[in-house]
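One structure is given below, encoded as structure tokens.
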Amino acid sequence: MIRVGQRDQFYSIAHLKQGEFMSTRQTVYHEKCIQDGFTLIELMVVIAIIGVLMAVAVPQYGNYMDKASLRACEGELASYRSMVLTSHSLTQSAEVEAPVGFKFQACNIEDNRRQPLASAFSNSNDLEGEITTNRPNAGGITIEGGSIKSEK
1 MIRVGQRDQF YSIAHLKQGE FMSTRQTVYH EKCIQDGFTL IELMVVIAII GVLMAVAVPQ
61 YGNYMDKASL RACEGELASY RSMVLTSHSL TQSAEVEAPV GFKFQACNIE DNRRQPLASA
121 FSNSNDLEGE ITTNRPNAGG ITIEGGSIKS EK
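Residue numbers for the sequence shown, in the UniProt record's numbering: 1 to 152.
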């Protein structure tokens with residue numbers, strides 16, 4: 001809506017069309033606020049809100065990533081266990097061999113631990129030590145009786 005006014009008097013266009021007072025000194029104003037930016041207080045409030053959200057979100061995101069890393073490692077170990085058991089049942093050999101070509105991406109497992117891990121899965125034994133993930137605070141995974149148990 002456009003308003004026409006002189007000093008403190010404002011008339012709407014509808015009133016002017018009805019023949020109300022109008023002079024050359026009157027100015028046409030838009031009802032839209034004439035504001036060219038944000039005040040400092042508004043900017044500080046927005047920054048404070050973003051700061052509070054970040055203070056809550058960053059630790060929660062870290063916890064989420066730790067849990068996701070732990071679950072990914074558990075999934076890799078479950079796949080490795082399936083490979084070991086399938087390989088062992090197909091070969092029917094007395095010795096259990098670690099599958100060749102399996103790459104651990106979420107778990108930190110050295111090559112020298114693959115054979116004991118395969119034996120633990122095949123013979124339902126415990127594996128000494130803890131298997132860790134690529135994230136240091138994610139916790140660890142143990143193999144107890146051939147089963148995968150997460151520590152966190």
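We treat Cβ as the ideally placed atom computed from N, Cα and C, and that holds for glycine.
Subject >> Alpha-carbon spacing of P99 relative to V52, whole angstroms >> reply: 49 Å
Original post:
Is it true that the region 101-118 meets the region 39-51, where meeting means three or more beta-carbon pairs spaced less than 8 Å apart?
Top reply: no
Original post:
When you compare each of P59, Q105, N125, T91 to S79 by their alpha carbons, which one comes out closest?
Top reply: Q105
Original post:
Does the Cβ-Cβ distance between A138 and L77 come in under 9 Å?
Top reply: no
**OP:** Quick one: grab the DSSP three-state call for N51.
**Re:** Reading off the sequence shown, one finds Gly at residue 51, where the question assumed Asn. Looking at G51 - three-state DSSP - the assignment turns out to be helix.
Original post:
Quick one: is I49 buried, meaning 16 or more other Cβ sit within 10 Å of its Cβ, or exposed?
Top reply: exposed
**OP:** Using the Cα positions of G75 and G37, report the straight-line distance between them to the nearest angstrom.
**Re:** 52 Å
Subject >> From Q115, P136, T133, residue whose alpha carbon lies closest to that of D126 >> reply: Q115
Subject >> K149 in three-state terms, based on DSSP >> reply: strand
Subject >> Residue burial classification, I131 (beta-carbon count within 10 angstroms, cutoff 16) >> reply: buried
**OP:** Look at the Cβ atom of V96, then the Cβ atom of N63, and state whether they are nearer than 9 Å.
**Re:** no
Subject >> Three-state class that DSSP yields for E128 in the structure shown >> reply: coil
Subject >> N108 - partner residues in DSSP beta bridges >> reply: T132
**OP:** Report the residue from A55, F102, A118, G101 whose alpha carbon sits nearest the alpha carbon of S89.
**Re:** A118
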